[in-house]
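In our numbering, the protein residues as written are 15 to 218.
Read the structure below first, then the notes.
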């Protein structure tokens with residue numbers, strides 16, 4: 015009985031891992047073997063849907079109102095944190111996720127600057143779910159993220175060399191002053207980790 019439960023557990027874990035696997039074309043991405051740095055850029059389209067069915071501008075107004083009801087001007091502080099996350103925090107989390115194990119078998123690095131790089135990886139957000147709950151909550155849920163990954167020439171951002179839609183990523187749970195932003199950071203970190211798993215087939 016114990017062996018059967020353990021076997022079913024392994025099957026479950028394998029299924030989850032496979033479901034979150036990023037599909038990469040080894041032949042089309044073979045150029046990465048000759049590179050040492052790839053720039054990373056996060057993009058967020060105007061029609062981005064966040065949380066449920068809310069356009070981003072509605073999501074922002076709802077969150078500002080929510081936090082201002084908790085404390086005066088906290089909504090403005092949330093917005094500053096959110097805008098910084100879109101420009102830096104989430105990008106840095108993605109780079110951290112992809113770099114943790116990459117350096118063990120490759121000289122390739124993913125960097126924040128697009129200077130002196132031949133190629134850029136554009137991580138375009140397709141859908142974001144912030145999750146909910148807090149450290150003392152009975153009910154809570156991790157953030158979720160759907161993205162499209164595009165490798166382009168840095169000098170020609172509109173020239174897409176390779177594009178793939180990543181599966182829905184479920185991040186680790188996180189909480190804090192602005193837990194919604196932190197949970198999405200965990201999603202980008204997880205996305206980087208999942209990308210590294212597949213890059214290993216190309217770079218080793």
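C-beta atoms are modelled at their ideal positions from N, C-alpha and C, and glycine is treated no differently.
Owing to the predicted nature of the structure, the values given are computational and were not obtained by experimental measurement.
Inter-residue Cα distance where the pair is residue i and residue j
{"i": "residue 18", "j": "residue 120", "result": "Because residue 18 sits at a pLDDT of 44, beneath the cut-off of 50, its placement in the model cannot be relied upon, and the following sentence gives the value as read from the coordinates. So the two alpha carbons sit approximately 39 Å from each other."}
{"i": "residue 257", "j": "residue 183", "result": "Lying outside 15 to 218, the shown extent of the chain, residue 257 is not represented and no answer is given."}
{"i": "residue 204", "j": "residue 83", "result": "32 Å"}
{"i": "residue 30", "j": "residue 125", "result": "Annotation note: pLDDT 40 at residue 30 (below 50); position unreliable, coordinate value reported separately. Residue 30 and residue 125: Cα-Cα distance of roughly 29 Å."}
{"i": "residue 48", "j": "residue 55", "result": "20 Å"}
{"i": "residue 73", "j": "residue 159", "result": "15 Å"}
{"i": "residue 64", "j": "residue 140", "result": "9 Å"}
{"i": "residue 102", "j": "residue 113", "result": "16 Å"}
{"i": "residue 215", "j": "residue 38", "result": "9 Å"}
{"i": "residue 81", "j": "residue 75", "result": "10 Å"}
{"i": "residue 88", "j": "residue 42", "result": "47 Å"}
{"i": "residue 192", "j": "residue 79", "result": "14 Å"}
{"i": "residue 201", "j": "residue 164", "result": "18 Å"}
{"i": "residue 175", "j": "residue 213", "result": "16 Å"}
Cβ pair residue i, residue j closer than 8 Å
{"i": "residue 53", "j": "residue 127", "result": "yes"}
{"i": "residue 157", "j": "residue 145", "result": "yes"}
{"i": "residue 134", "j": "residue 171", "result": "yes"}
{"i": "residue 138", "j": "residue 168", "result": "no"}
{"i": "residue 210", "j": "residue 93", "result": "no"}
{"i": "residue 50", "j": "residue 122", "result": "yes"}
Cross-strand partners of residue i (DSSP beta bridge)
{"i": "residue 96", "result": "Partner(s): none; residue 96 has no beta bridge."}
{"i": "residue 68", "result": "64"}
{"i": "residue 184", "result": "158"}
Host beta strand (DSSP E) of residue i (start-end)
{"i": "residue 139", "result": "133 to 143"}
{"i": "residue 188", "result": "No beta strand (DSSP E) holds residue 188; DSSP gives it neither H nor E."}
{"i": "residue 123", "result": "123 to 125"}
{"i": "residue 172", "result": "170 to 179"}
Beta carbon proximity, residue i to chain C, threshold 8 Å
{"i": "residue 59", "result": "Protein chain content of the structure displayed is limited to a single chain, and chain C is not contained in it."}
Residue i: CB within 7 Å of a non-hydrogen atom of the ligand NAP
{"i": "residue 173", "result": "The ligand NAP is not part of the structure shown, which contains no ligands of any sort."}
The alpha helix (DSSP H) enclosing residue i, as first and last residue numbers
{"i": "residue 36", "result": "First-last for residue 36: undefined, no H or E at that position."}
{"i": "residue 218", "result": "From DSSP, residue 218 is part of no alpha helix (DSSP H); its letter is neither H nor E."}
{"i": "residue 219", "result": "Limits of the chain in this structure are 15 at one end and 218 at the other, which puts residue 219 out of reach."}
Proximity winner among the options, relative to residue i (alpha-carbon distances)
{"i": "residue 143", "options": "40, 114 and 194", "result": "194"}
{"i": "residue 199", "options": "212, 208, 207 and 185", "result": "185"}
{"i": "residue 207", "options": "192, 57 and 105", "result": "105"}
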